[in-house]
Structure formats: C-alpha cells, structure tokens
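Counting from 3, one number per residue, gives the positions in the sequence shown under my numbering. For every residue, glycine included, the Cβ atom is placed at its ideal position computed from N, Cα and C. As the structure is a computational prediction, the values presented were derived from the model and not from experiment. Single-structure report; data block below.
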Amino acid sequence: MDMTPVYIRLTRTLPEPGTAASRFWGSPALPPGSPYPVYSDADGVHPYFFLCQINLEEFAPYDVDKRLPDRGLLSFFAKIDQYLGYWGGQEGIGGQISGRDAVKVMYFPSCEGLTEVRPEDVRDIPAVPAGLRMDFSLTAAPLSDDHAVFARPDHRPWETWDHPFEDREILLQVDSFEGDDFSLLFMDAGVLDFLISPSDLEQRRFDDVRAVVLSS
C-alpha cells in the first residue's frame, strides 16, 4: 500500500513540550515503574538513545490512510550514539538493514499517567539535547529537513529493500540535522529509516521494526 507521507517540522519552544506531547529529544514519557529501555552487548548494558515520541491524537488528523491508532503514544529509541559523536555503545545501524535490537519502538495505548524518565538518571547515557516541539503537515516545506512519518523511499538507491525485507515500509524517517546542543549526522548527511512490515503495521505490532541509514 502506498502511504501518504506526513512531514515533521521541529521547533525549539519554552517551556519544552509537555510529558505526553509529540516531541523530539528530551526525556521519554513511560508508564510508572517502566525502566528506561536498554540493550546488552559484549561490553555490558547500554541505554538506547531516545529520538522522539508521537502523540497519536495529535497525529491523527494527518493520518489520512488511518495506518496508526488514533490514541496513545508511539516512542522511538535507537543505537545512534555514534551519529551524535558518542562511542560508548556498540555500533548498531549502518547501510544494511539492522537486526531487531538496533532500535526499539514502544506503543502505549493511553497517555494517561505517563511520567518522564530522565536519561541522565540512567548510568552511562550521554547528555541529550533539549526537547523540540513536533508539528505535522501533509506538505513539505521548501528546503526543510526530510523528517517524515510514512516517508517515501526517495533516498534508497535501489529498487527494493534487501531480502527478506522487500515489503517493508518506512514508519519514520529522520534526517541529518543540527541544533544549538547537538549535531546528528548519518554518514554523509544521510537519513535514518525505521522499517516496518505491512502486516505488523496493520496489527499495530512494533516489536520487529528494523532500521537502515541511507546516505549518498
């Protein structure tokens, strides 16, 4: 199914977006008692880097194909430390489609009772940038960063994804960009794509999302 892209515009606001609001960077909102997501490798246990969370009620008016739930929170974590200049964890995402532990996408059916878990409370996590407000649009602004939900595979230099991921769709695309307190650079100013199977998306399952970095 050809999905309609929903473009993301990021802006810095004061105060930062609220606990369950759509935002990029900052601290993730999690159910009470939920631990900050981590992964294990040969060097020990490391926290994922929190990228963003999407309040699905805010997103729903732009989801013209009704591919996502219209309530709840969808949160994205990934092994992107090296693309921010940190090298504490194992490199997990490159130019080939990743394993399933390279990213973590979490769906919470309700935004009620969520609390922010500060990454600095987790041992060994790098300092994270201040939260940015996320706004959505069905039209891309001229010369804007190429952040989008349901992005088209315009950065993919080949016709399809590698086997056995040929039918995967881009759930979220994050472009290289920088701000006052960060520089996110995917190889040569490329993009990070979160890939999901159509059947998982239809069933609202997010436990087998993969990722790939595409760069010229």
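So the candidates are Pro37, Pro166, Gln55, Ser218; which of them puts its Cα closest to the Cα of Arg135? Gln55
If we count the other Cβ atoms within 10 Å of its Cβ and call it buried at 16 or more, is Gly101 buried or exposed? exposed
Using a 10 Å radius around the Cβ and a threshold of 16 neighbouring Cβ atoms, would you call Ala23 buried or exposed? Only buried fits Ala23, as 16 or more other CB atoms lie within 10 angstroms of its CB.
Cα-Cα, which of Val130, Asp177, Leu116 is closest to Leu145? In terms of Cα proximity to Leu145, the closest of Val130, Asp177, Leu116 is Asp177.
Which same chain residues end up closer than 6 Å to Trp163 when comparing Cβ atoms and leaving out the 5 residues on each side of it in sequence? Arg170
Check whether the segment 22–42 touches the segment 188–208, taking contact to mean three or more Cβ pairs, one atom from each stretch, closer than 8 Å. Below 8 Å, too few C-beta pairs join the segment 22–42 and the segment 188–208 to call them touching: fewer than three.
Contact set for Ile107: own chain, Cβ-Cβ below 6 Å, skip 5 residues either direction: According to the sequence provided, residue 107 is Val. The question's Ile does not apply to it. Taken in chain order, the residues that qualify are Phe78, Phe208, Val211.
Given that a residue counts as buried once 16 or more other Cβ atoms are within 10 Å of its Cβ, and exposed if not, what is Ser29? buried
Closer than 7 Å by C-beta to Val47: which residues in its own chain qualify, once you throw out the five before and the five after it? Chain order, please. When the five nearest sequence neighbours on each side are left out, the beta carbons in the same chain lying within less than 7 Å of the beta carbon of Val47 are those of Val40, in order along the chain.
Measure the CB-CB distance between Glu18 and Gly97 and report whether it falls below 8 Å. no
Would you please state the rounded distance, in angstroms, between the beta carbons of Ala150 and Val8? I believe it to be under 8 Å. 6 Å
Out of Leu86, Val214, Glu204, state which residue places its alpha-carbon closest to the alpha-carbon of Asp67. Glu204
Can you tell me whether Ile82 sits near the ligand HEM, meaning its C-beta is under 7 Å from at least one heavy atom of the ligand? The ligand HEM is not part of the structure shown, which contains no ligands of any sort.
Assign Gly94 to one of two classes, buried (16 or more other C-beta atoms within 10 Å of its C-beta) or exposed (fewer than that). That one is buried.
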